[in-house]
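One structure is given here, and the rest of the page talks about it.
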Amino acid sequence: MAAPGMTRRSRKYFKKIQRAKTHYDLQSIASTIQTELDRRNLSYDEALNLGNFIQNRADQLPGNSIVYAVSDRDAYRRTLELYLRDALLTRTEQLLLWEERRRLGISDDEHDRLLDQLLEIWKSQGRSITIQRFDRAGGAADA
Numbered sequence: 000m001a002a003p004g005m006t007r008r009s010r011k012y013f014k015k016i017q018r019a020k021t022h023y024d025l026q027s028i029a030s031t032i033q034t035e036l037d038r039r040n041l042s043y044d045e046a047l048n049l050g051n052f053i054q055n056r057a058d059q060l061p062g063n064s065i066v067y068a069v070s071d072r073d074a075y076r077r078t079l080e081l082y083l084r085d086a087l088l089t090r091t092e093q094l095l096l097w098e099e100r101r102r103l104g105i106s107d108d109e110h111d112r113l114l115d116q117l118l119e120i121w122k123s124q125g126r127s128i129t130i131q132r133f134d135r136a137g138g139a140a141d142a
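Note that our numbering numbers the sequence shown so that position 51 is 50, with each residue one more than the last.
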């Protein structure tokens, strides 16, 4: 539901987001919102709010493509890509990502889905990523 303090322009985009039928439609709306933000026709908070609505709507649509929008999830995606850039996700980086997820309100399921999408994209480009595992209680490591 639209927030009560939304501007007329934000409500217009919110309605478009609700009517979107494909990830492509959502990406188009996200690009328009980014343009409006760049022109200062929308505040950053409004763009972030709309971007979070876009991400939630993308979860409801079939398909597994990433929608790039100003949102908490997109900020987390950029952080995750930064950590994956060296093709190694260390235990320390995973702890930092956990803290970032907690701060942004990103669930473990959202993290896993986003990580799978990024790994799929990177594997299709011929890259391999190593993810370090944590030791289980008693010292046995996960394979």
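All C-beta atoms in this analysis are idealised placements derived from N, C-alpha and C, irrespective of residue type, glycine included.
Assigned secondary structure, residue i (DSSP; H/G/I helix, E/B strand, else coil)
i, result
"Ile65", "coil"
"Thr6", "coil"
"Ile53", "helix"
"Ala19", "coil"
"Arg101", "helix"
"Ala142", "With a pLDDT of 45 at Ala142, under the threshold of 50, the modelled position of that residue is not reliable, and no figure is offered here."
"Arg112", "helix"
"Ser30", "helix"
"Leu118", "helix"
"Gln59", "helix"
"Ser106", "coil"
"Leu41", "coil"
"Ser70", "coil"
Cβ-Cβ distance between residue i and residue j below 8 Å
i, j, result
"Ala74", "Leu103", "yes"
"Leu146", "Ile16", "Missing from the structure shown is residue 146; the chain here goes from 0 to 142 and no further."
"Arg126", "Ala86", "yes"
"Arg72", "Gln54", "yes"
"Ile128", "Leu88", "yes"
"Arg101", "Phe133", "no"
"Glu45", "Ser9", "yes"
"Leu25", "Val66", "yes"
DSSP bridge partner residues for residue i (one or two, in chain order)
i, result
"Ile130", "Leu88"
When the options are compared against residue i, the one with the closest alpha-carbon
i, options, result
"Arg7", "Arg126, Ser42, Ile120, Gln33", "Ser42"
"Ala19", "Leu94, Gln93, Ala57", "Ala57"
"Tyr12", "Ile65, Ile28, Trp121, Phe133", "Ile28"
>> Across the region 75-82 and the region 54-62, are there enough close Cβ pairs to call them in contact, namely three or more that are closer than 8 Å?
In response: The answer is no - the region 54-62 does not touch the region 75-82, with fewer than three Cβ pairs under 8 Å.
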